[in-house]
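Some notes on the structure that comes next.
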Amino acid sequence: MKLSIIIPTLNEAAIIGKQIQSIAQKANTKDIEIIVADAYSEDDTADIAREAGASVVLVDRCCRARQMNEGAKVATGDVFYFVHADLTLPDGFFDDILEGVAAKRSYGCYQVAFDRPVKGLQFNSSLSKYQGIFFRGGDQTLYMTKAFFSKIGGFDNDIVIMEDYEILLRASRYEKINIMHAKVIISARKMEQNNYFRTNLVNVLVFSLFFLGASQNTLVRIYQRFVKGAKYREIE
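Quick note: the sequence shown uses my numbering, first residue 225, plus one each step.
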């Protein structure tokens, strides 16, 4: 099995090199390729990613859904694995995904833990072991076989925010997600830049409005106004 690891980025020069090196080291000579789908970062993200050994696809729009789709277009693996730049994968991620695919689980994610021992964050992470769309999120990473990704049509290029929930809703029509036992370590940088309760409140608000049919630009404006460091861009 060949695994294509696809990382959407925007201005991640400070961390992308270490992320690529960490993934390659943990894969331990397994058959992988790392593809960075970069939205024309204003820093050296793309150059650093190439130097670290990744292939780079430049995408003319800051939209994770579109970036991940563009990465998937050039991917040569049997399984696609969508990973954010600011998290840490478990040591055995390749074998975990291989086991899931062998058990005919077409897509799956990890549980999560944060890199700071904050009680509120520990509560958030404890929910990731449960089935149900409310307990999912892009930070949990997502593996999906190439065949299944093609079957459901990939990510929706028109979704700027909540793209991870949208694709999982479509995927769940066919089978339940495989929630793997290990945990991805998530950076708490967003929580550090923002108040924990305010960030959670904004997340719940955006989640609810998305399912009520609010426009993408409305959701983006909420994040831009209330969450420092938000990288979402409105649809022109």
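Cβ coordinates follow ideal geometry from the N, Cα and C atoms, glycine included.
**Message:** Once the 5 residues before and after residue 455 are set aside, which same chain residues still bring their CB inside 8 Å of it?
**Reply:** Along the sequence shown, read from residue 1 onward, the residue named residue 455 stands at position 231. Cβ within range, chain order: 234, 235 and 286.
**Prompt:** So what does DSSP say about residue 379, is it helix, strand or coil?
**Reply:** In the sequence shown, residue 379 corresponds to position 155, counting from 1. Looking at residue 379 - three-state DSSP - the assignment turns out to be coil, as it is neither helix nor strand.
**Message:** Helix, strand or coil for residue 406? Go by DSSP, reduced to three states.
**Reply:** Locating residue 406 in the sequence shown gives position 182, counting from the first residue. Note: residue 406 maps to strand in three-state DSSP.
**Asked** Using CA coordinates, which residue listed in 375, 295, 349 and 299 is at the minimum distance from residue 331?
**Response** Position 107 of the sequence shown, counted from the start, is the residue given in the question as residue 331. With distances taken between Cα atoms, residue 331 lies closest to 375.
**Alpha carbon of residue 406 to alpha carbon of residue 265, nearest angstrom** = As a first step, residue 406 is located in the sequence shown; it is residue number 182 there, counting from the start. As a first step, residue 265 is located in the sequence shown; it is residue number 41 there, counting from the start. Linking residue 406 to residue 265 through their CA atoms gives a straight-line distance of about 32 Å.
**Request:** May I ask you to report which of helix, strand or coil DSSP gives residue 299?
**Result:** In the sequence shown, residue 299 corresponds to position 75, counting from 1. Reduced to three states, the DSSP call for residue 299 is coil.
**Item:** Close-in-space but distant-in-sequence residues of the same chain around residue 256 (CB under 8 Å, 5 per side omitted)
**Value:** The count along the sequence shown starts at 1 and reaches residue 256 at position 32. Excluding positions up to five away in sequence, the list reads 226, 227, 228, 229, 247, 248, 301 and 318.
**Prompt:** For residue 348, is the classification buried or exposed, using 16 other Cβ atoms within 10 angstroms of its Cβ as the cut-off for buried?
**Reply:** Within the sequence shown, numbered from 1, the residue matching residue 348 stands at position 124. Residue 348 is buried by the Cβ-count criterion.
**Prompt:** If you follow the beta strand (DSSP E) that residue 367 is part of, which residue opens it and which one closes it?
**Reply:** Residue numbering aside, residue 367 sits at position 143 when the sequence shown is read from its first letter. It spans 366 to 369 - the beta strand (DSSP E) in which residue 367 sits, taken as one unbroken run.
**Request:** From the DSSP output, in three-state form, read off residue 332 for me.
**Result:** Counting from one through the sequence shown, the residue named residue 332 turns up at place 108. Strand, per DSSP.
**Message:** Here's the rule I'm using: 16 or more other beta-carbon atoms within 10 Å means buried, otherwise exposed. How should residue 281 be labelled?
**Reply:** On the sequence shown, position 57 is the one that residue 281 refers to. By the neighbour-count rule (16 or more Cβ atoms within 10 Å), residue 281 is buried.
**Prompt:** Could you give the distance in angstroms between the alpha-carbon of residue 364 and the alpha-carbon of residue 251?
**Reply:** Stepping through the sequence shown from its first residue, residue 364 is reached at position 140. Stepping through the sequence shown from its first residue, residue 251 is reached at position 27. Using only the alpha carbons, I get a separation of about 18 Å.
**Message:** Nearest by alpha-carbon distance to residue 385: which of 435, 312 and 345 is it?
**Reply:** Taking the sequence shown and counting its residues from 1, the one referred to as residue 385 is at position 161. Per the Cα distances, 435.
**Request:** Check whether the Cβ atoms of residue 450 and residue 426 lie closer than 7 Å to each other.
**Result:** For the purposes of this step, residue 450 is identified with residue 226 of the sequence shown, where counting begins at 1. For the purposes of this step, residue 426 is identified with residue 202 of the sequence shown, where counting begins at 1. Remark: C-beta atoms of residue 450 and residue 426 approach each other more closely than 7 Å.
**Asked** Would residue 402 pass as a contact of residue 290 if the rule is Cβ separation under 7 Å?
**Response** On the sequence shown, position 178 is the one that residue 402 refers to. On the sequence shown, position 66 is the one that residue 290 refers to. No. Outside cutoff.
**Prompt:** Do the CB positions of residue 412 and residue 338 come within less than 7 Å of each other?
**Reply:** Residue mapping note: residue 412 aligns to position 188 of the sequence shown, counting from 1. Residue mapping note: residue 338 aligns to position 114 of the sequence shown, counting from 1. Yes, the pair counts as a contact, with Cβ atoms nearer than the cut-off.
**Asked** So is residue 399 buried or exposed if we call it buried at 16+ other beta carbons inside 10 Å?
**Response** Position 175 of the sequence shown, counted from the first residue, corresponds to residue 399. Exposed.
**Request:** Might you give, ordered along the chain, the residues of its own chain that have their beta carbon closer than 6 Å to the beta carbon of residue 452, omitting 5 neighbours on each side?
**Result:** Taking the sequence shown and counting its residues from 1, the one referred to as residue 452 is at position 228. Answer for residue 452: 417 and 418, listed in chain order.
**Request:** Could you pull the start and end residues of the alpha helix (DSSP H) that residue 432 belongs to?
**Result:** Position 208 of the sequence shown, counted from the start, is the residue given in the question as residue 432. In the DSSP assignment, residue 432 falls within the unbroken alpha helix (DSSP H) covering 420 to 435.
**Asked** Which of helix, strand or coil does DSSP assign to residue 337?
**Response** Here residue 337 refers to the residue found at position 113 when the sequence shown is read from its first residue. Strand, per DSSP.
**Member of 239, 378, 316 and 325 whose CA lies at the smallest distance from the CA of residue 267** = Residue numbering aside, residue 267 sits at position 43 when the sequence shown is read from its first letter. Across the set 239, 378, 316 and 325, the C-alpha of 239 shows the shortest separation from the C-alpha of residue 267.
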